[in-house]
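Sequential numbering from 10 applies to the sequence shown in the working numbering. Cβ coordinates follow ideal geometry from the N, Cα and C atoms, glycine included. Source: prediction; values computed, not measured. Accompanying notes for the structure given below.
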Amino acid sequence: MEQQPHLNDHNKQEYPPMHTTEHIINQTMIRLFGCSRSISAHIERKKSKLDYRLAACPTEEEIEKLEEAVNEVIARQLPVTTEFITQEEAQGRFDLERLPDGASETVRVVKVGDYDECLCIGVHVENTSEIGTFKIISHDWDEEAKRWRMRFKLV
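Structure (structure tokens):
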């Protein structure tokens, strides 16, 4: 008999549409800017923020393109699925450096259709049609740190 994996405790206040949107934003940032996934995230129901390490501050045109691209992915009504694999199977596919100390040998992969996949213990929607419209409400640039922070909401 196969044993069901046990997920670690996670933020019970997490809002699934917002968290799934974080996954879509991360993959869109990778595709548009060639950066890595966010270096910091604060996900809440009303508004959320993500930080990225970039070479330069995005232009207003690039920010508009980002917002449009994320909303295009949401509109595709992609299924959001999970898969459990071993850390050994995850090597080479995912950044295992971000796993917490003492993480179990079994990890969970969250897939947003054919658009994104990453290791995650968060709560998600079943389909991107449940998300709504993504809107960047503000952003700022830290030149010294080369960090771009965006704040966003779903409407």
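Tell me which same chain residues have a C-beta within less than 6 Å of the C-beta of residue i, skipping the five on either side of it?
{"i": "GLU126", "result": "VAL118 and LYS120"}
{"i": "ALA179", "result": "It is not possible to answer for residue 179, since the shown part of the chain is limited to 10 through 164."}
{"i": "SER49", "result": "ASP60"}
Of the choices the options, whose alpha-carbon is the least far from that of residue i?
{"i": "GLY101", "options": "GLU81, PRO109, ARG85 and LEU128", "result": "LEU128"}
{"i": "THR115", "options": "ILE130, MET27 and ASN136", "result": "ILE130"}
{"i": "ALA154", "options": "CYS44, ARG40 and TYR61", "result": "TYR61"}
{"i": "PRO67", "options": "VAL79, LYS162 and ARG156", "result": "ARG156"}
{"i": "GLU73", "options": "ASP110, ILE48, PHE93 and THR37", "result": "THR37"}
Could you pull the DSSP bridge partners for residue i from this structure?
{"i": "LYS120", "result": "THR90 and GLU126"}
{"i": "ASP60", "result": "SER49 and ARG158"}
{"i": "HIS148", "result": "MET159"}
Using a Cβ-Cβ cut-off of 7 Å (strictly less than) and excluding sequence neighbours within five positions of residue i, which residues of its own chain qualify?
{"i": "ARG54", "result": "TYR24 and MET27"}
{"i": "ALA112", "result": "none"}
Quick one: using the 10 Å Cβ neighbour count with 16 as the cut-off for buried, is residue i buried or exposed?
{"i": "VAL164", "result": "exposed"}
{"i": "GLN86", "result": "exposed"}
{"i": "HIS32", "result": "buried"}
{"i": "SER57", "result": "buried"}
{"i": "ILE146", "result": "exposed"}
{"i": "HIS133", "result": "buried"}
{"i": "THR30", "result": "buried"}
Between the region 139-152 and the region 94-111, do at least 3 Cβ pairs fall closer than 8 Å?
no
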